[in-house]
Amino acid sequence: MWTRKGCVCVPETWTPVARSAITVPGPRSVVDGWEVSTRRSSAALRLSDASPLAKVSVRADPDGALAHALGVRFRSSHRRDGILVVGSGPGEWLLVGGVGAAHQIAEQVRGLAAGDFVTAIDVTHGRALMRLTGRDASRALSKVCAVDLSDAVTPEGAAFRTSVAKLTTDVVRDDAGAGTGEPSYLLHCERSSGQYLFECLLDAGMEFGVEPSGPTVDGGGA
Amino acid sequence: MIRIPCPHCSARNSAEFRHVGEAAPRPDPSTATPEQWRVYLYERSNPAGWTTETWFHTMGCRRFISVERHTVTNEIRSARPVGSTGPGPAEALSARGDAGSPDAGGQA
Ligand SMILES: [Zn+2]
Chain A
1 MWTRKGCVCV PETWTPVARS AITVPGPRSV VDGWEVSTRR SSAALRLSDA SPLAKVSVRA
61 DPDGALAHAL GVRFRSSHRR DGILVVGSGP GEWLLVGGVG AAHQIAEQVR GLAAGDFVTA
121 IDVTHGRALM RLTGRDASRA LSKVCAVDLS DAVTPEGAAF RTSVAKLTTD VVRDDAGAGT
181 GEPSYLLHCE RSSGQYLFEC LLDAGMEFGV EPSGPTVDGG GA
Chain B
1001 MIRIPCPHCS ARNSAEFRHV GEAAPRPDPS TATPEQWRVY LYERSNPAGW TTETWFHTMG
1061 CRRFISVERH TVTNEIRSAR PVGSTGPGPA EALSARGDAG SPDAGGQA
């Protein structure tokens, strides 16, 4: 818990603080146990850090009970009860939910397994997650990603793993999560490469006027 | 650039894959002679023409796939999950032309 003494925040008791692999310039604040940038952008193209969101990696039989219960196959995604279920590989899913919800999501998944062998692992602190939103999001992303991002091939909800800026990345077309009616992509990669991918996307988006922004706290668009 | 129609992911740049090599039937370990193992491990026919090889989609589905490739023209006439004889689950998807220009997916 934090108390304000003058203009300095001092912890009354020691509380662990998590940090994203991505550094966004601007003022910082601790929200839900994460030290995040409070910088916001209203630019036409925004790249925001979404790393604090809960991320759970799930492996199971692609034709088993859990696959059936999740109702999402490889290459697609679906949002249910505030949790984005991404079919990130054959027999492999990525679940993205609100900050701090990872254990609850993992338990929920195990409950759906109906006795089948499944693994559900909290990878929140092992991965980086970012969101690119704006009218020119597809054009900017196309500079570092070879998959056709046209609406016909990669419609809302499409998910795939591919090379983005030569980095293995899970990409989800998730306009609904951004909630602005613009094209929006979630990009998920290893934590150690998070800052690199963030910088690459800022570089690719430069000609479209991209601006970085900190995580949005209200569920972060999961 | 070689475009490989991954049966799981659709057509992708070969840079997303690891080339495992020419596919050969694995001899039965309980009856194979050392000579048969040596041939299995090290000898390749390396034809100038059609060959069946294994590729691993490192940056995609992380599955091994079996690819028929012409070593002179790099034409690919089939790609299916290793061990399967039928078409892959995404056979139809390869027709819709994912994977854009040769230099996209670049930088770095
Ligand atoms: Zn693949």
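Top line first, the protein sequences correspond to chains A and B. Our numbering puts the last residue of the first sequence at 222; the count rises by one with no breaks. Our numbering puts the last residue of the second sequence at 1108; the count rises by one with no breaks. Built from N, CA and C at the ideal position, the CB exists for glycine as well.
Between the alpha carbons of residue 39 of chain A and residue 29 of chain A lies a distance of about 10 Å.
Straight-line measurement puts the Cα of residue 45 of chain A at about 9 Å from the Cα of residue 206 of chain A.
Taking one beta carbon from each stretch, the stretch 1058-1065 of chain B and the stretch 161-175 of chain A have 3 or more pairs nearer than 8 Å; the two touch.
DSSP places residue 211 of chain A in the uninterrupted beta strand (DSSP E) bounded by 210-213. A Cβ-Cβ separation of about 7 Å places residue 20 of chain A in contact with residue 36 of chain A under the 8 Å criterion. Remark: the C-beta of residue 179 of chain A is outside contact range of ligand 1, defined as less than 7 Å to any heavy atom. Straight-line spacing of the CA atoms in residue 1021 of chain B and residue 148 of chain A works out to 28 Å.
Linking residue 1047 of chain B to residue 1072 of chain B through their CA atoms gives a straight-line distance of about 9 Å.
In the structure shown, residue 205 of chain A falls within a helical segment according to DSSP collapsed to helix, strand and coil. Taking C-beta atoms as the reference points, residue 51 of chain A and residue 112 of chain A fail to come closer than 8 Å. Close to chain B, meaning a Cβ-Cβ distance shorter than 8 Å, are the following residues of the stretch 119-145 of chain A: 142, 143, 144 and 145. Interface with chain A (8 Å Cβ-Cβ cutoff): residue 1008 of chain B is included.
By the criterion of at least three beta-carbon pairs nearer than 8 Å, the stretch 207-216 of chain A is not in contact with the stretch 58-71 of chain A. CA-CA distance, residue 156 of chain A to residue 182 of chain A, rounds to 11 Å. Partner residues in the beta bridge of residue 1080 of chain B, as assigned by DSSP, are B/1066.
Pairing residue 102 of chain A with residue 119 of chain A gives a Cβ-Cβ distance that is not under 8 Å.
Less than 8 Å divides the Cβ of residue 197 of chain A from the Cβ of residue 189 of chain A. For residue 70 of chain A, the enclosing alpha helix (DSSP H) stretches over residues 65-70.
The beta-carbon distance between residue 141 of chain A and residue 184 of chain A, rounded to whole angstroms, is 10 Å. This is too long to meet the 8 Å contact definition.
Beta-bridge annotation (DSSP): residue 49 of chain A is paired with A/130.
Rounded to the nearest angstrom, the gap between the Cα atoms of residue 13 of chain A and residue 1001 of chain B is 58 Å. Judged by their CB atoms, residue 178 of chain A and residue 79 of chain A are not nearer to each other than the 8 Å cut-off. Counting the other CB atoms within 10 Å of its CB gives residue 92 of chain A a total of 16 or more, which places it among the buried residues.
Per the DSSP secondary-structure output, residue 77 of chain A pairs in a beta bridge with A/86. Within 10 angstroms of the beta-carbon of residue 1013 of chain B lie 16 or more other beta-carbons, which makes it buried. Taking residue 56 of chain A as reference, the option from A/47, A/41, A/97 and A/42 with the minimal CA-CA separation is A/97.
Not one heavy atom of ligand 1 falls within 7 Å of the beta-carbon of residue 145 of chain A. By the rule of a C-beta closer than 5 Å to any heavy atom of ligand 1, the residues picked out are B/1006, B/1008, B/1009, B/1057, B/1060 and B/1061. Within 7 Å of the CB of residue 1015 of chain B, the CB atoms of chain A belong to 163, in sequence order along the chain.
Counted as a single uninterrupted DSSP element, the beta strand (DSSP E) harbouring residue 31 of chain A occupies residues 28-31. For the set B/1070, B/1039, B/1074 and B/1017, the Cα lying nearest the Cα of residue 1024 of chain B is the one of B/1039.
A straight line joining the alpha-carbon of residue 195 of chain A with that of residue 186 of chain A spans about 15 Å. Residues of the stretch 1055-1086 of chain B with a C-beta atom less than 8 Å from some C-beta of chain A are 1058, 1059, 1060, 1061, 1062 and 1063, listed in chain order. As summarised for the stretch 130-177 of chain A, the continuous alpha helix (DSSP H) elements at least 4 residues long and confined to that stretch are 137-142, given in chain order.
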